[in-house]
Each structure stands twice: as C-alpha cells, then as structure tokens.
Amino acid sequence: MNKPNGFATRAIHAGQEPDPATGATITPIYATSTFTQEAPGVHKGYEYSRTGNPTRAALEACLAALEGGEYCLAFASGSAANAAVAHLLSPGDHVVAAAEVYGGTYRLFTEVFGHWGIGTTYVKGLEPADFAAALTDRTRLVWLESPTNPLLNLVDIAAVAKIAHEAGALVAVDNTFATPYLQNPLALGADLVVHSATKYLNGHSDAIGGAIVTSDPGLYRELKFLQNAEGATLSPFDSWLILRGVKTLAARMEIHQANAAKVAAFLEGHPAVSRVLYPGLPSHPGHDTARRQMRGWGGMVSFYLKNEAGAEQFFRGLRLFAVAESLGGVESLACQPCTMTHASYPETMRRELGITPGLVRLSVGLEDGEDLLEALDRALE
Ligand SMILES: *Cc1c(COP(=O)(O)O)cnc(C)c1O
66 MNKPNGFATR AIHAGQEPDP ATGATITPIY ATSTFTQEAP GVHKGYEYSR
116 TGNPTRAALE ACLAALEGGE YCLAFASGSA ANAAVAHLLS PGDHVVAAAE
166 VYGGTYRLFT EVFGHWGIGT TYVKGLEPAD FAAALTDRTR LVWLESPTNP
216 LLNLVDIAAV AKIAHEAGAL VAVDNTFATP YLQNPLALGA DLVVHSATKY
266 LNGHSDAIGG AIVTSDPGLY RELKFLQNAE GATLSPFDSW LILRGVKTLA
316 ARMEIHQANA AKVAAFLEGH PAVSRVLYPG LPSHPGHDTA RRQMRGWGGM
366 VSFYLKNEAG AEQFFRGLRL FAVAESLGGV ESLACQPCTM THASYPETMR
416 RELGITPGLV RLSVGLEDGE DLLEALDRAL E
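In this note's numbering, each residue carries its 1-based index in the sequence shown increased by 65.
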C-alpha cells in the first residue's frame, strides 16, 4: 500500500484534481444553481447546488482528508454546522458541554435548542471525571473544545470520548482553534469534528463558513440529509475562497505558532501582565495534555492585565492588532472576551470562569514577530 500523503500535500491536492471538463488546474467556482440532465434522473452526479456543488465537493473532500475522516459536509457558517449537529438530537435528549465554549455555541444550545426540549449541562472543571459526573441516562452528545475559548484550557479528548461512549453518547469536538494541522479529534475517539472554517482554515478573514467531518456512514447520512433539508450550505464562491486558503494552512500555522510563542514569552515577562495563558508555556496547566494530543501549541494567546481598569486604554493604545472579533487570519487581532466573543454568557458564569474585563485574547497573525512585540509593549505602558 502506498504511504498516505503528508498534510501539506493533502491540503494542496486532496479533492482538487484538474477540472474534468476543461483541465483547469484550480477548481473552478461552479456558480450555478442547477445542472442540466440528459433525461430525468440521468446526470453526472449533480442536480441542484443546495444538494451538491462541485466546488463545495472539492472543499469537502479536502477537509475530510485533512482531518483523517471519510466524509465532510460544508455549511454556510460554523454556527450552521453546529446547529446541524444539534438537529441530530430529539426533545428530551441531554447535552454535556465544556463550560468554556465559543459564546455562539453556548447561545445556540441554551437559547435555541433549550426551547426545543434539549437540556445542556455546562461542565466547569475540564477533567474527565467532571464530564463523567455530568452524564445522565439521557445524555446523547458531549460537546468539547480544546484548547478552549478564550482561556485556552485543554481537555483530554481521548479520555472524555471513552467515558462518553461508555454512556452511549456521541462526541463532537470543535477543532477550530487547533486546526487539523495540530490536532485530529477523530483519531482521539471523537465521532464528529466541527469547524468554523471562517478562522484558520480560510485564514484570510474574507469568508464565513463551517464544516463537519466524520468517518461514521450513518451519521454522515443523517447530516447530509439535514444539510440539504435545512439548506444552510456553503456557496460556491465561499467554498472556493476557503479551498484557496486551506492550501497554505500548514505554512501559515508554522508562522502563527512561532509568533504566538514569542508573544507568550514576552508577555509572561512583562510587569503589566499578571498571567499568560498559552498551552506552549510550561506554566500552563494543560501543557502535558497538549503535548500528548496536539502537534504544536497554536496561534492563540490570552492574558490578564494587572490593571483591569486600564483595559480600555490598552485596547485604544494598541497598534497593529485590530480590536476585532474572530481569529485565525493573517492579520493579528485582539479582543476583550467579556464584552465581545463571550458577551452572550451570563455575567455570573463569566466571573466564575475568569472571563473578566482584564482578560485579553490575541489571535497572533503572520506579521513580523518583532513588530508585534513592540506594538504590545507600547500599549502596555
Ligand atoms: C467562530 C467560531 C464558531 C462559530 O463559527 P461562525 O463561522 O462564526 O459561525 C464556533 N466555534 C469556534 C471555536 C469559533 O471560534
């Protein structure tokens, strides 16, 4: 058997054979809603673009190959992908989720699916025993992020997956922060991997998209049905943009992490900073778990300002880092999770978790590392 291709090779070639009609080297944007059939039901595999589109199919094949999964489905956003996973459930089912999930994921489970009779328990400790204690005989889904958002804590995915499976629950992992370059949750026992492709996969902050990857044919069939029935599919143009972005994922992640490591080390030694959260720092509580299940530390760095009251001044004085939601683009971004990405969390929950006004989350971009350190140093004065 041939040795499987490496990650960068898959990112550039998987699902991206020359166009069968013209030989175009780059997958074309198939901007068409419908496909002409030879006779009713006699066609080349495509009928209508909500159901299937060749540009989207190329991206789906590529992302499946990157996650080491059999199947992928691309959605109009990460949130739409999350909603499709939630639609696998029925009223009366129960979900266990890590307390530190993306704010929009919390909002979706609490404020949308909560009203449809699906209860969610948020686990505050992230140890496998904390998840085990939250499982009930109605739990059908365990939802994880690792590293978590915005505190960058680690969850032992293999250990939690084992406990969840013993209880008969599915395991979904939001792999947006780590990317398939650094972590493959399916290999750690997850049933489903979800992505906001808006972030590192696309990498250029110019498209919104999402994806689900699985190797389970039954789950794929159900999700494919939901994707078509609910219709939140990724457009051909956005599929093409994200496919173009994915080609450089390996190269980008190397620079993201190199810059993030520099930023984390710099902040850890800065007198205006009380604590730095970065899985690559030996001081980080999840450092060993990250070493076991990831191939690197990623490009996100969070930290606490010593002077919480000076947070606004810090953001106003920050050059180069745009104060913005989102992450994973070539340009560096800074956000205040408590007022931005995690504003949909209740205030008491934010306080308990440590999502306070002094917490800053950085998406470290691909600029020159020295310039980023200088910008942070000036804003911290
Ligand atoms: C952004 C994000 C989402 C939501 O994705 P959209 O593409 O914005 O809908 C979900 N999970 C994580 C970790 C995210 O960062």
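Don't be surprised by glycine CBs; every beta carbon is placed ideally from N, CA and C.
| query | result |
| --- | --- |
| Contact check, residue 212 vs residue 365 under 8 Å by CB: the rounded distance? | 7 Å |
| According to the Cβ coordinates, are residue 325 and residue 177 closer than 7 Å? | no |
| Quick one: grab the DSSP three-state call for residue 75. | helix |
| Which whole runs of the beta strand (DSSP E) in the stretch 386-414 are 3 residues long or more, in chain order? | 398-400 |
| If we ignore side chains and look at the alpha-carbon of each, how far apart do residue 241 and residue 169 end up? | 13 Å |
| What residue from 400, 392, 270, 222 has the CA that sits closest to residue 251's CA? | 222 |
| Using C-beta distances below 7 Å, list every residue in its chain close to residue 390, excluding the 5 sequence neighbours before and after it, in chain order. | 400, 405, 406 |
| Could you tell me which residues DSSP puts in a beta bridge with residue 366? | 427 |
| Beta carbon of residue 241: closer than 6 Å to some heavy atom of ligand 1? | yes |
| Closer than 8 Å is the cut-off here; do at least three beta carbon pairs connect the stretch 126-144 with the stretch 79-95? | yes |
| DSSP puts residue 285 in a beta bridge; with which residues? | In DSSP, residue 285 forms no bridge with anything. |
| Under 7 Å Cβ to Cβ from residue 132, same chain only, skipping five residues before and after it: list those, please. | 245, 249, 251, 258, 278 |
| Consult DSSP for residue 298 and reduce its assignment to one of helix, strand or coil. | strand |
| Taking the alpha carbon of residue 220 as the point to measure from, which residue in 355, 445, 437 has its own alpha carbon closest? | 355 |
| Looking at C-alpha atoms only, which residue of 427, 372, 103 is the closest neighbour of residue 398? | 427 |
| Looking at residue 273 and ligand 1, is the gap between the Cβ and the nearest heavy atom below 6 Å? | yes |
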